[in-house]
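*Asks:* Next up is a structure, given as structure tokens.
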Amino acid sequence: MYFCLDEDGNVLECDMRQWGLCFSRQDRSIAFTKISKKVYLSTVFLGLDHSFGSMRPVLFESMLFGKKEGELQLRYCTREEALKGHLKILLYYKVPLKKIFSLESFRGNSRFHVQSLKFFKQMIKDKDFLEELKNFEP
Numbered sequence: 000m001y002f003c004l005d006e007d008g009n010v011l012e013c014d015m016r017q018w019g020l021c022f023s024r025q026d027r028s029i030a031f032t033k034i035s036k037k038v039y040l041s042t043v044f045l046g047l048d049h050s051f052g053s054m055r056p057v058l059f060e061s062m063l064f065g066k067k068e069g070e071l072q073l074r075y076c077t078r079e080e081a082l083k084g085h086l087k088i089l090l091y092y093k094v095p096l097k098k099i100f101s102l103e104s105f106r107g108n109s110r111f112h113v114q115s116l117k118f119f120k121q122m123i124k125d126k127d128f129l130e131e132l133k134n135f136e137p
């Protein structure tokens, strides 16, 4: 199965031709945070189902690059799960909120990054999210 993002970042099922067009024209990055000169967290839309037969398609992935302990990779089914995961990783590694909410830490001009920042600001105030965060271990 193939998937694309519409202009608002919603996932749409598509055929292989549409998928190829989307991927040739679209920035798949939905969140990117530069943590330091050499360490960054990237969350992207994969466009192909990476579930290997589970019930829900796995379409998003966060990867932490540059940490001495090695890279971290987590995958998600939905955009909301992916954005929550991105924020949880940043908070787990105690990245300051000022850096998380800074547009300077984002790469490129992805319109999805602005949407992600708004989502992060909502999540920081969400009691359920903060409760989930207590048990988060990447």
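Be aware that the sequence shown starts at 0, since it is given in numbering that gives the first Met the number 0, and climbs by one per residue.
We treat Cβ as the ideally placed atom computed from N, Cα and C, and that holds for glycine.
From a predicted model like this one, the values you see are computed outputs, not experimental measurements.
#1: Please tell me whether Lys-120 and Phe-100 are closer than 8 Å, where the distance is taken between their beta carbons.
#2: Between the C-alpha atoms of Ile-29 and Lys-126, what's the straight-line distance to the nearest angstrom?
#3: Can you list the beta strand (DSSP E) stretches of 3 or more residues lying completely in the segment 64-119, in chain order?
#4: For Cys-3, list the residues DSSP reports as bridge partners.
#5: Around the Cβ of Ser-53, are there at least 16 other Cβ atoms within 10 angstroms (buried) or fewer (exposed)?
#6: Identify whether Phe-31 lies in helix, strand or coil by the three-state DSSP scheme.
*Replies:* Looking at the atomic coordinates:
#1: yes
#2: 24 Å
#3: 71-75
#4: Leu-11
#5: exposed
#6: strand
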